[in-house]
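Engineer:
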Amino acid sequence: MGQHLTTDSRRRVADHPGAPMSQILASHLEPTEFLDFEHEDVRDFTAATVGDARTDTEKARRLFAAVRDRVWYDPYTVSADPAHYRASFVLQAGRAYCVPKAVLLTAVCRAAGIPARLGFADVRNHLQTQTLRTLMGGTDLFVYHGYSSLHIDGRWLKATPAFNVELCARFGVPPVEFDGEHHALMHAFTADGIQHMEYVHERGLFDDLPLAEILSELRHTYGSMVDSSAPAVDDAFTIKSTSQIQTDASPGSAHPQEDR
Numbered sequence: 178m179g180q181h182l183t184t185d186s187r188r189r190v191a192d193h194p195g196a197p198m199s200q201i202l203a204s205h206l207e208p209t210e211f212l213d214f215e216h217e218d219v220r221d222f223t224a225a226t227v228g229d230a231r232t233d234t235e236k237a238r239r240l241f242a243a244v245r246d247r248v249w250y251d252p253y254t255v256s257a258d259p260a261h262y263r264a265s266f267v268l269q270a271g272r273a274y275c276v277p278k279a280v281l282l283t284a285v286c287r288a289a290g291i292p293a294r295l296g297f298a299d300v301r302n303h304l305q306t307q308t309l310r311t312l313m314g315g316t317d318l319f320v321y322h323g324y325s326s327l328h329i330d331g332r333w334l335k336a337t338p339a340f341n342v343e344l345c346a347r348f349g350v351p352p353v354e355f356d357g358e359h360h361a362l363m364h365a366f367t368a369d370g371i372q373h374m375e376y377v378h379e380r381g382l383f384d385d386l387p388l389a390e391i392l393s394e395l396r397h398t399y400g401s402m403v404d405s406s407a408p409a410v411d412d413a414f415t416i417k418s419t420s421q422i423q424t425d426a427s428p429g430s431a432h433p434q435e436d437r
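Residue numbers (the numbering used here): 178 to 437.
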């Protein structure tokens, strides 16, 4: 399980009948093609973020917050280049969509000695800009939304580090917080009760990134979006200064904060 596997079907996490739990967990502590936490930048980031934390709970809390907020969520960074999905690249780029951000969180948790794996689900995100909805062919269905599954104190916990704090503020959504004791998934509703995120289909858990499988489904769902050059977009997802953003919310969706 911990080897650099070459076929996506072998990356899926399967049951291990008869295998001791220690062996199962050990397989989720190894570096992989995409979870390249032996890279110096990833190791340094992990060590600096963990700091003086001693428990897995506190380590995971710090790592989750760091990945959530230090890597800007940008849905326009979808790429077909495998190199762009390695944890080391995500960290250096400083912006990514949910799948690479989940890769980074999973990698740094493994680097910190926390067994971790990747999980994916199809979700309906009711907070979109019109630009993003148009690029996605008019749908609000996000296939293969990425999250991390972390083993802490004998339990597997799901945590999605996708939306950074500033982006959440723009859309009026409380940031997802991870306390190391409960699942941390996207909120179903915004602070004022408007529907936000709906999980509609689980795709499974994986030891490493099933990139070919993900790209195939993205192409099937969104057409040429994956293989097209990244568009020059100025909206709530791309501009970091809130005073510069033009109003661009999709019809029927909650509007980002008026101070955009």
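Ideal Cβ placement from N, Cα and C applies to all residues, glycine included.
#1: Along the chain, where does the alpha helix (DSSP H) containing residue 243 start, and where does it finish?
#2: Closest to residue 356 by C-alpha separation, out of 189, 251, 237, would be which residue?
#3: Sort 207, 401, 219 by Cα distance to residue 312 and report the nearest one.
#4: Taking just the CA atoms, how far does residue 304 sit from residue 201?
#5: Between the alpha carbons of residue 189 and residue 296, how many angstroms are there, rounded?
#6: Are the CB atoms of residue 287 and residue 279 within a distance shorter than 7 Å?
#7: Hey, is the region 244-255 in contact with the region 337-348, meaning 3+ C-beta pairs nearer than 8 Å?
#8: In the DSSP assignment, what residue or residues form a beta bridge with residue 302?
#9: Can you list, in chain order, the residues of its chain whose CB lies under 7 Å from that of residue 230, leaving out five sequence neighbours each side?
#10: Do you know offhand how far residue 275's Cα is from residue 300's?
#11: If we call anything under 7 Å between Cβ atoms a contact, is residue 273 one with residue 267?
#12: Where does residue 189 fall in DSSP's three states?
Structural biologist: The relevant details are as follows:
#1: 233-247
#2: 237
#3: 401
#4: 38 Å
#5: 10 Å
#6: no
#7: yes
#8: 374
#9: 236, 239
#10: 12 Å
#11: yes
#12: strand
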